[in-house]
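Peer 1: This is the structure, below, for whatever I ask next.
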Amino acid sequence: MNGKHYYICKKGNNNEIVYISYDKIKGYGFTPKNNVKYNGIVVNKLVIIKPSMIEKILKKKIKRKLDIYLKLIIEFIDSEDGSTGDSIREALNDLSRYKDIVQYKYRKYLDDKYFQILMKKIAILEYELNTRLVNIREYEYEEEKTSHRSR
Numbered sequence: 519m520n521g522k523h524y525y526i527c528k529k530g531n532n533n534e535i536v537y538i539s540y541d542k543i544k545g546y547g548f549t550p551k552n553n554v555k556y557n558g559i560v561v562n563k564l565v566i567i568k569p570s571m572i573e574k575i576l577k578k579k580i581k582r583k584l585d586i587y588l589k590l591i592i593e594f595i596d597s598e599d600g601s602t603g604d605s606i607r608e609a610l611n612d613l614s615r616y617k618d619i620v621q622y623k624y625r626k627y628l629d630d631k632y633f634q635i636l637m638k639k640i641a642i643l644e645y646e647l648n649t650r651l652v653n654i655r656e657y658e659y660e661e662e663k664t665s666h667r668s669r
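Under the numbering used here, read the sequence shown as residues 519 to 669, first letter to last.
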């Protein structure tokens, strides 16, 4: 890696230089958004090593994403004629992709009990989207069936 690397520690200031080999670090890495403009350090990548901190961050991230899907389902249920099968299929595909991400990327950082509850929540959301999609297909089929018998 080129450039400068910084090590931030919560302990006291002992003015030591610490060299970190990033290849050996087992932690959760992500890129912060850097929305605040200031004359300071711009962080390109952040690796969190403490397991409890990783778990807190992932739980917040997962909760936000599940809230987005829940609001989307509520919108589909509230708008009887506005939601099409394509938008529901797109949401269902996105939810299944997110389920795969949780299973293969986040599982190693989360508790087994929390992970099982999370999978049940995602399964419920998928079930609701599937039932809504089936209802729309049945409605379209009935509408098509009645429109052909106009003689």
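Heads up, the beta-carbon is just placed ideally off N, CA and C, and yes, glycines get one too.
Quick caveat: nothing in here was measured; it's all calculated off a predicted structure.
Given a cut-off of 7 Å, decide if ILE606 and LEU647 are closer than it, judged by their beta-carbon atoms.
Peer 2: Residue mapping note: residue 647 aligns to position 129 of the sequence shown, counting from 1. Residue mapping note: residue 606 aligns to position 88 of the sequence shown, counting from 1. In this structure, ILE606 lies closer than 7 Å to LEU647 by Cβ.
Peer 1: Nearer than 6 Å: is that true of the beta carbon of GLU608 relative to any heavy atom of the ligand HEM?
Peer 2: Among the ligands in the structure shown, none appear at all, so the ligand HEM cannot be discussed.
Peer 1: To the nearest whole angstrom, what separates the beta carbons of GLY545 and ILE572, a pair I think is in contact under 8 Å?
Peer 2: As a first step, residue 545 is located in the sequence shown; it is residue number 27 there, counting from the start. As a first step, residue 572 is located in the sequence shown; it is residue number 54 there, counting from the start. Indeed, because the Cβ distance is near 7 Å, the residues count as touching under 8 Å.
Peer 1: Touch check for the stretch 576 to 595 and the stretch 615 to 632: three-plus C-beta pairs under 8 Å?
Peer 2: With the cut-off at 8 Å, the stretch 576 to 595 and the stretch 615 to 632 touch.
Peer 1: Could you tell me which residues DSSP puts in a beta bridge with ILE508?
Peer 2: The requested residue 508 does not occur in the structure, where the chain is confined to residues 519 to 669.
Peer 1: Under 8 Å Cβ to Cβ from ILE640, same chain only, skipping five residues before and after it: list those, please.
Peer 2: If you number the sequence shown from 1, residue 640 lands on position 122. Result list for ILE640: LEU584, LEU613, TYR616, LYS617, VAL620, in chain order.
Peer 1: Express the C-alpha separation of PHE633 and ILE592 in angstroms, rounding to a whole number.
Peer 2: For the purposes of this step, residue 592 is identified with residue 74 of the sequence shown, where counting begins at 1. For the purposes of this step, residue 633 is identified with residue 115 of the sequence shown, where counting begins at 1. For ILE592 and PHE633, the distance between alpha carbons rounds to 24 Å.
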